[in-house]
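Undergrad: The opening residue of the sequence shown carries number 34 in the working numbering; numbering runs sequentially from there.
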Amino acid sequence: MSFSKRNLTELRQISDKRAQLFAKLNVNNLEDLLFFFPRAYQDMSKTTPLHLVVDGETTTIKAKIAKTPTLQRRGKLSWIKTALTDGATVISAIWFNQPWLMQKLQPDNIFYFYGKIQNQGRSFSIQNPQIMTEQEYSDNKIQAIYPLTKGLTQNLIRSAVKQTIDLYDNYLYDPIPDEIRKKAKLSTLEFALEKIHLPNNQQECLIARERLAFEELFLIRVALYLLKKKRVEDAKAYSLLIEDTVKNEQIIEQMNQLRANLPFELTNAQVMAVNDLLNDLKKSNPMNRLLQGDVGSGKTLVAAFAIAYVKFCGGQSLFMAPTSILAKQHYQTLKDFFAEYPFEIRLLTGQTKSKVRAEILESTANGKIELIVGTHAVLEQDLKFENLVLTITDEQHRFGVKQRAVLGETDNKGYTPHRLVISATPIPRTLGLILYGDLDLTLMRELPKGRKKIQTYTATSQDETRIYTLMRKAVERNEQVYVVCPLIEDSDELDDVDSVESVYKQLSQNIFPDLNIGLLHGSLKPDQKHKVMQDFLDNEINIIVSTTVIEVGVDNPQATFMLIRNAERFGLAQLHQLRGRIGRSDLDSICILQSDTKDELALTRLRTLCKNDDGFALAEEDLRLRGPGDFFGTKQHGLPQFKLVNLYEDQELMNSVDKFFKEIIRDDPNLRKVENRNIVKAIKQRYPELLSGMIL
């Protein structure tokens, strides 16, 4: 029977009640337990002679019980004391509330003791040490440390894992072909699963971890490839390859006229991106493309050319944004772009009145409306298109997995719309292969000509008076200001970190009582957030105090000044995204990174931002400097949670996976060879829910 169907209660000491406690750790069966990896290890392999023990150090010593132990009690508290010796040096030992150890601690018995050393005047003692016989120590020099929940202990989990490994009969498919495994110098799956839990030394831990982390990345990389391949092979889209020569020439002329009417020149990156999209739209397989560009690189304009081509060819488009404010901005931008053309464009959000909504639904269903711009409200089942050719999602990771899936559904004629995803979040290439491995990628790294560099400076709290002077001068020029804080409200645990509520109070009551100050954070109701942002856009608010909810937001050309408080608490990529809210016009803009930190790594990040305005370069540097974390929540991408892979630290491993993945696919694109069949089987076996079952 598969481990995934075997209950934990098959194991000794695991009752139904304890099985429920394991369930809190997302361990529901024997397979889950097999893949419930340690979070750390307790290394007891190095022993220290008694004359070399150090105060405060946790270590292993080998010693003999030097005298008969004493047991004392005081209320519910008990303690055992004795002395340990290695023949040359003597130290004391004490155990609290473990009276049963008296029988074990017989004089002259030799044990291994693992615990913390404490200095007591001229002598040393070891506190609550773990006691092991020669055999026990030989078998457990390195012990796994697992995540816990109340009611479970390390020893109970270790026992359950050990029993599971003993029962394991190599039932899992090993997805790594032998040839690749040997080239990559990886262990077998069976070895890795045993040694990740029961290593004999640190080297075995590393070998097991590398093998299993490689496998995690490899399976997801292949799964995304299969998803992409399946879409290409199985789905059909409206091909906009116009065979009628006269009509084709008319469309080309319209597209050229659209470009000629622009008051500026397209960048080379925009031209190449438009060509990518038009080439995809001419294919009978659905486009699945990620258009990734830095803040202000002109991605919406590129999308507009794709929408125009669809319109000139007689199709409909859908443009979805994560917020109503952003949807309204895209709507107005596209209305202005197509002002000289008879183009039916409508806005559909949760705030659209029912009567207007009903009219929009009817006009969309009969093809009169050629472009719908909206929020998640466009995903309602009552919105029907006559021939939806193109769907565009702005900042896709801010939508739920199921919400995004709706955009890829086929219509009643069996056609799947072409799909374009737009993102201003720079993602390093290796990370993008994992998060967006099922999409073709178009990168835009060039900013429009004339765009001024945002002057970025570091500052401390001692510079506040000068900063406030600069803020007031900006307001006097009829410009607007962002003040960004890391917290919504004050925290006792983080008393040195600014909150939007305290800063809002300080600015509105003490610093700028004569100005209009706005407050914005994620805990406000949607209509409250909407009103604050709209007032800011309408220049009714001079200064807006906000959390990072403005990170991906609207374009306000009058916003020219940003102060980021406690800037050390943000990553480089996030700081760059925040900075991108200003500098949206030809006005001079300033970003101040205020921080009193003394941490050299944090200061390096801030100085890097001052010198660099390339979002992609900053994202790569962020990964190098920042260490563990979550770029923007891989959960939101619909991928399984990585158990071992760290998307920041495992860059070399990702490159290795990509190299061998390409080698396999180049040689066997359909994974039909005998040595590759286990790859598909393993994805089915271990990740049956991966990408909602759309892969195989």
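Every residue gets a Cβ at the ideal spot worked out from N, C-alpha and C, and that includes glycine. Note that the structure is a prediction, hence the values are computed from the model and not measured.
What span of residues does the alpha helix (DSSP H) with K95 cover, start to end?
TA: Per DSSP, K95 belongs to no alpha helix (DSSP H); it is in the beta strand (DSSP E), T91 to I98.
Undergrad: Just the C-alpha distance for N703 and F297, rounded to the nearest angstrom, thanks.
TA: Using only the alpha carbons, I get a separation of about 46 Å.
Undergrad: Give me, in chain order, the residues of the same chain whose beta-carbon lies closer than 8 Å to that of L41; leave out the 5 immediate sequence neighbours on both sides.
TA: So the qualifying residues of the chain are I47, R51, A52, F55, V60, N61, N62, L63, L66 and A193.
Undergrad: Check whether the Cβ atoms of E512 and I521 lie closer than 8 Å to each other.
TA: no
Undergrad: How is M595 classed by DSSP in three states: helix, strand or coil?
TA: strand
Undergrad: What does the alpha-carbon distance come out to for the pair L642 and A121?
TA: 59 Å
Undergrad: Count Cβ pairs between the stretch 597 to 613 and the stretch 547 to 559 that sit closer than 8 Å; are there 3 or more?
TA: no
Undergrad: If you count every other CB in all the chains shown that lies within 10 Å of the CB of N188, and 16 or more means buried, which is it?
TA: exposed
Undergrad: What ranges does the alpha helix (DSSP H) occupy inside the stretch 162 to 235, keeping only unbroken runs of at least 4 residues that lie completely in it?
TA: Along the stretch 162 to 235, the alpha helix (DSSP H) occurs as fully enclosed runs of 4 or more residues at 167 to 172, 187 to 200, 211 to 216 and 222 to 230, listed in sequence order.
Undergrad: Can you have a look at E573 and say buried or exposed, based on whether 16 or more other CB atoms are within 10 angstroms of its CB?
TA: That one is exposed.
Undergrad: Would you check if there are 3 or more beta carbon pairs closer than 8 Å linking the stretch 324 to 343 to the stretch 480 to 491?
TA: Short answer: they touch.
Undergrad: Roughly how many angstroms separate the alpha carbons of N418 and A336, rounded to a whole number?
TA: A small fix is needed here, since residue 418 is Phe in this sequence, not Asn. Straight-line Cα distance between these residues: approximately 20 Å.
Undergrad: When DSSP labels each residue in this structure, what does F129 get in the three-state scheme?
TA: strand
Undergrad: Let me know if H230 comes out buried or exposed under the rule of 16 or more other beta-carbons within 10 Å of its beta-carbon.
TA: buried
Undergrad: For P450, count the other beta carbons within 10 Å of its own beta carbon; 16 or more makes it buried, fewer makes it exposed. Which is it?
TA: buried
Undergrad: Enumerated in chain order, which unbroken segments of the beta strand (DSSP E) with a length of 3 residues or greater are wholly contained in the stretch 504 to 581?
TA: 513 to 517, 550 to 553 and 576 to 579
Undergrad: Where does the unbroken alpha helix (DSSP H) through L310 begin, and where does it stop?
TA: Note, L310: alpha helix (DSSP H), N301 to L314.
Undergrad: Between which two residues does the alpha helix (DSSP H) carrying Y364 extend?
TA: Unbroken alpha helix (DSSP H) run through Y364: S357 to F370.
Undergrad: Taking C-alpha atoms, which residue in F68, Q168, I175 and E169 lies nearest to T92?
TA: I175
Undergrad: In whole angstroms, give me the CA-to-CA distance for Y342 and M288.
TA: Those two C-alpha atoms are separated by around 7 Å.
Undergrad: Run through the DSSP bridge pairs and tell me what D427 is partnered with.
TA: I455
Undergrad: Whether or not the stretch 344 to 360 and the stretch 292 to 308 are in contact is what I'm after, with contact meaning three or more pairs of Cβ atoms, one per stretch, closer than 8 Å; do they touch?
TA: no
Undergrad: State the start and end residues of the unbroken alpha helix (DSSP H) segment that holds C643.
TA: E633 to K644
Undergrad: T385 by DSSP, collapsed to three states: which one?
TA: coil
Undergrad: For the alpha helix (DSSP H) containing Y342, list its first residue and its last residue.
TA: K332 to F345
Undergrad: Buried or exposed: where does I716 fall if 16 or more other Cβ atoms within 10 Å of its Cβ makes it buried?
TA: With 16 or more Cβ atoms within 10 Å of its Cβ, I716 is classed as buried.
Undergrad: Going along the chain, which residues of its own chain have a beta-carbon closer than 6 Å to the beta-carbon of P71, five neighbours each way excluded?
TA: A177, I178 and Y179
Undergrad: From G154, P102, Q684 and E248, pick the residue whose C-alpha is nearest to that of A225; which is it?
TA: The residue with the shortest Cα to Cα distance from A225 is E248.
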